[in-house]
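> I have a structure I would like to understand better, so I am pasting it below and will then ask my questions one at a time.
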Amino acid sequence: MDGEIARARMATAEPNDGVPVASTDTRSGFVLLYEECRLPVYRYLRSRTRSDDEAADLTAATFERALRSFASYDARQPALPWVLRIARNVAIDAARRHRPVSSLDDRSGADGPPDSDSPEAQYLHAERDAELRALVFALPDVARDAVALRYGAGLSAREIGSVIGKSESATQKLIQRALVALREAHDAKR
Amino acid sequence: MPSADVLAFDRLESELARALAWQPSPTVLERIDRRMREPRPRQPAIRRWRRPLVLLAAAFLLMGAATAALTLIQPAAHYIPGHVVAYDRGEKLDLTQRAGNYAVTLERAYGDPNQLVLAFSVMGPSGASPVVVRAKVVDAAGRSYLDFAGGDATDLKTAGSGSILAFDVPPGVQGTVNLTVTVDTLMPIENVPSVDPNPALVYRFAVPFHEATTVTPNDTVTVDGHAMTLAWLRVSATAARFRLDTDLSALPHGDRPVALLDATIRHGNGAEETLSWNALPPGWTGQPKSGIVALVDGMDGSVVIYQAMSGSDDPSGTWTIIVRRLMWLDGQGGQKIVNGPWVFSVRIP
Chain A
195 MDGEIARARM
205 ATAEPNDGVP
215 VASTDTRSGF
225 VLLYEECRLP
235 VYRYLRSRTR
245 SDDEAADLTA
255 ATFERALRSF
265 ASYDARQPAL
275 PWVLRIARNV
285 AIDAARRHRP
295 VSSLDDRSGA
305 DGPPDSDSPE
315 AQYLHAERDA
325 ELRALVFALP
335 DVARDAVALR
345 YGAGLSAREI
355 GSVIGKSESA
365 TQKLIQRALV
375 ALREAHDAKR
Chain B
239 MPSADVLAFD
249 RLESELARAL
259 AWQPSPTVLE
269 RIDRRMREPR
279 PRQPAIRRWR
289 RPLVLLAAAF
299 LLMGAATAAL
309 TLIQPAAHYI
319 PGHVVAYDRG
329 EKLDLTQRAG
339 NYAVTLERAY
349 GDPNQLVLAF
359 SVMGPSGASP
369 VVVRAKVVDA
379 AGRSYLDFAG
389 GDATDLKTAG
399 SGSILAFDVP
409 PGVQGTVNLT
419 VTVDTLMPIE
429 NVPSVDPNPA
439 LVYRFAVPFH
449 EATTVTPNDT
459 VTVDGHAMTL
469 AWLRVSATAA
479 RFRLDTDLSA
489 LPHGDRPVAL
499 LDATIRHGNG
509 AEETLSWNAL
519 PPGWTGQPKS
529 GIVALVDGMD
539 GSVVIYQAMS
549 GSDDPSGTWT
559 IIVRRLMWLD
569 GQGGQKIVNG
579 PWVFSVRIP
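Chains as they are written, first to last, in this note's numbering: chain A, 195 to 384; chain B, 239 to 587.
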């Protein structure tokens, strides 16, 4: 059963497995869910938005909606894909309100991942990160979602499929095609 | 030896993982936390997209399943046992209206004092995005019914969907009631242009409201100086609702306490049901949603209505409600817990 698998994953979760499972004990503990899912949700939404503030607002809106929806959350299922489904809907709603969406503004990307490398390496990484983010942002919506959920939120292909409404194999193909597109786009820039 | 392609993809994946691991600054985190502590009033312009208080927005990929959208109502209802009961016992209406290429059918309606439940199905054109239904309800007396729960299921292959919408029932509603349901939102599950009906779809029909059993114990239990009062319990076939008054004034919290219960409800020797359902306080019943500023019911006060996921046809016997602990945000970015238990035992003859 999926539920049982989900529970087992909770006990064996590794840091980047990133899939907290709200057990019966924590079901009423939305606060715990919030704390555990906040960062991956932000990362996913940040990959879809143009600024830190917009991502923060959508993250908050996601958890507001999740809190109202908490009654319908099946505690046997992993929490993160559930919250990310909501986040995706929130992002879609926001995109519909604010179309057209312009390209990613990386000047606001000062909150990128921390890096302990040398200043030169940090600069190169930052440049490369900005380039990759822009390429990801330019992907078709579903592909961008899949990439952001995979590499930003740390979901498996199966979990991503549950978020975007595709099968695991279709999701794997989608990600693979997205990687190819990203590499081609990157090569074309050189 | 791995090929150059594999190495290139490995590197690309590694770089993606780094590039997309956005690390929010403390300022950004505080912005999110603040929003959670101090939710904004709903804005009319965006309200319709936030209207459903409970959406599990589930996009089911039903590979190989029967393609009729009608079959999607069961998966939409299955999240909440009470909704399954409501659907099974609902009045069959089958009122269909069209919005563009979408056929929107109000299949069934069920009412009792704890909730009004509507079941919609939608059939879309092949290749289109499935859409899910959001609706407003008023009755012949002008009373509004606040939507607070539901579930959706969609089939990407057929552009079909099923939606269960549950609404709070204003006080005093009984017997057969004439309702007007307005569907002005058809929400695509994919990022495509809106297909909202214009003009809105309007369904008019009568639905009988089934009875419920209500007791008012007004029983207060105090643990470590924290008093909690069970004001009333109302049991219908689809849900058990009760009101708890909890005094949190002595506890540290932010500007608006968000108290969550780790609690269960049990009927007789039946199984314990974990409570996670915050229903709407009576004071808000029927009010426009723009007037609701609270993120979760009771967060700006101490009165909360809870609703179990299922009800009972025979509520007689002992109902036991156990609140094991309270959890809330302390306003400092932390979580606080007060351990109980507060135990309430209510007998319904």
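A virtual CB, placed ideally from N, CA and C, is assigned to each residue, including glycine. Predicted model, so just to flag it, every value in this text is computed and none were measured.
Find out if the Cβ-Cβ distance for the pair residue 280 (chain A), residue 256 (chain A) is shorter than 9 Å.
yes
> Nearest to residue 476 (chain B) by CA position, among B:264, B:249, B:315, is which residue?
B:315
> What three-state label does DSSP hand residue 553 (chain B) in the structure shown?
coil
> Checking 9 Å against the spacing of the C-beta atoms, do residue 454 (chain B) and residue 466 (chain B) come in under that value?
No. Outside cutoff.
> Mind checking if residue 331 (chain B) is an interface residue toward chain A, Cβ cutoff 9 Å exclusive?
no
> Run down chain B in chain order and give the residues with a C-beta less than 7 Å from the C-beta of residue 393 (chain A).
Shown here, chain A extends from 195 to 384; a query on residue 393 (chain A) therefore has no answer.
> Quick one: is residue 378 (chain A) buried, meaning 16 or more other Cβ sit within 10 Å of its Cβ, or exposed?
exposed
> Assuming residue 351 (chain A) is part of the alpha helix (DSSP H), what are its boundary residues?
351-358
> Assuming residue 557 (chain B) and residue 581 (chain B) are in contact, meaning their beta carbons sit under 8 Å apart, how far apart are those beta carbons, in whole angstroms?
Incorrect: roughly 12 Å between the Cβ atoms, too far for contact.
> DSSP puts residue 470 (chain B) in a beta bridge; with which residues?
Partner residues in the beta bridge of residue 470 (chain B), as assigned by DSSP, are B:481.
> Which bits of chain A does residue 472 (chain B) rub up against, with CB to CB less than 9 Å?
What residue 472 (chain B) touches in chain A: nothing, since even the nearest Cβ is about 17 Å away.
> Tell me whether residue 380 (chain B) is buried or exposed, calling it buried when 16 or more other Cβ atoms sit within 10 Å of its Cβ.
exposed
> If you follow the beta strand (DSSP E) that residue 224 (chain A) is in, where does it begin and where does it stop?
Here residue 224 (chain A) belongs to no beta strand (DSSP E); instead the alpha helix (DSSP H) covers 224-242.
> Indicate whether at least one CB of chain B lies closer than 9 Å to the CB of residue 353 (chain A).
Output row for residue 353 (chain A): interface = no.
> To the nearest angstrom, report how far apart residue 383 (chain B) and residue 328 (chain B) are at their CA atoms.
17 Å
> Using 8 Å as the cut-off, classify the Cβ of residue 239 (chain A) as near or not near the heavy atoms of the ligand NAP, replying yes or no.
Summarising the ligand content, the structure contains no ligands, and the ligand NAP is consequently not present.
> Given this structure, state the Cα-to-Cα distance separating residue 360 (chain B) from residue 462 (chain B), to the nearest angstrom.
53 Å
> Tell me where the alpha helix (DSSP H) around residue 311 (chain B) begins and ends.
Residues 311-315.
> So residue 550 (chain B) packs on residue 473 (chain B), CB below 8 Å; how close in whole Å?
6 Å
> For residue 353 (chain B) and residue 411 (chain B), I'd like the C-alpha separation in whole angstroms.
11 Å
> Please name the residue in A:285, A:355, A:382, A:261 whose C-alpha comes closest to that of residue 225 (chain A).
A:261
> Just the chain A side, please: which residues come within less than 8 Å of residue 594 (chain B) by C-beta, in chain order?
The structure shown has nothing for residue 594 (chain B), since chain B only spans 239 to 587.
> Starting from residue 262 (chain B), find everything on chain A with Cβ-Cβ shorter than 9 Å and list it in chain order.
Those within 9 Å of residue 262 (chain B) in chain A are 232, 233, 236, 237, 240, 246, 249, 250, 253, 305.
> Look up residue 285 (chain A) in the DSSP assignment and say whether it is helix, strand or coil.
In the structure shown, residue 285 (chain A) sits in a helix (DSSP, three-state: H, G or I).
> Return yes when the Cβ of residue 374 (chain B) is within less than 9 Å of the Cβ of residue 385 (chain B), no when it is not.
yes
> Let me know if residue 399 (chain B) comes out buried or exposed under the rule of 16 or more other beta-carbons within 10 Å of its beta-carbon.
buried
> Where does residue 588 (chain B) sit, in a helix, a strand or coil, going by DSSP?
Outside the shown range of chain B, which is 239 to 587, sits residue 588 (chain B), and nothing can be said about it.
> In whole angstroms, give me the CA-to-CA distance for residue 464 (chain B) and residue 456 (chain B).
16 Å
> Please name the residue in B:433, B:403, B:444 whose C-alpha comes closest to that of residue 418 (chain B).
Of the candidates B:433, B:403, B:444, the one whose C-alpha sits nearest the C-alpha of residue 418 (chain B) is B:444.
> Residue 575 (chain B): which of B:500, B:512, B:363, B:312 sits nearest, CA to CA?
Taking only the C-alpha atoms, the option nearest residue 575 (chain B) is B:500.
> In chain B, what lies closer than 8 Å to residue 330 (chain A) by C-beta?
254, 257, 258
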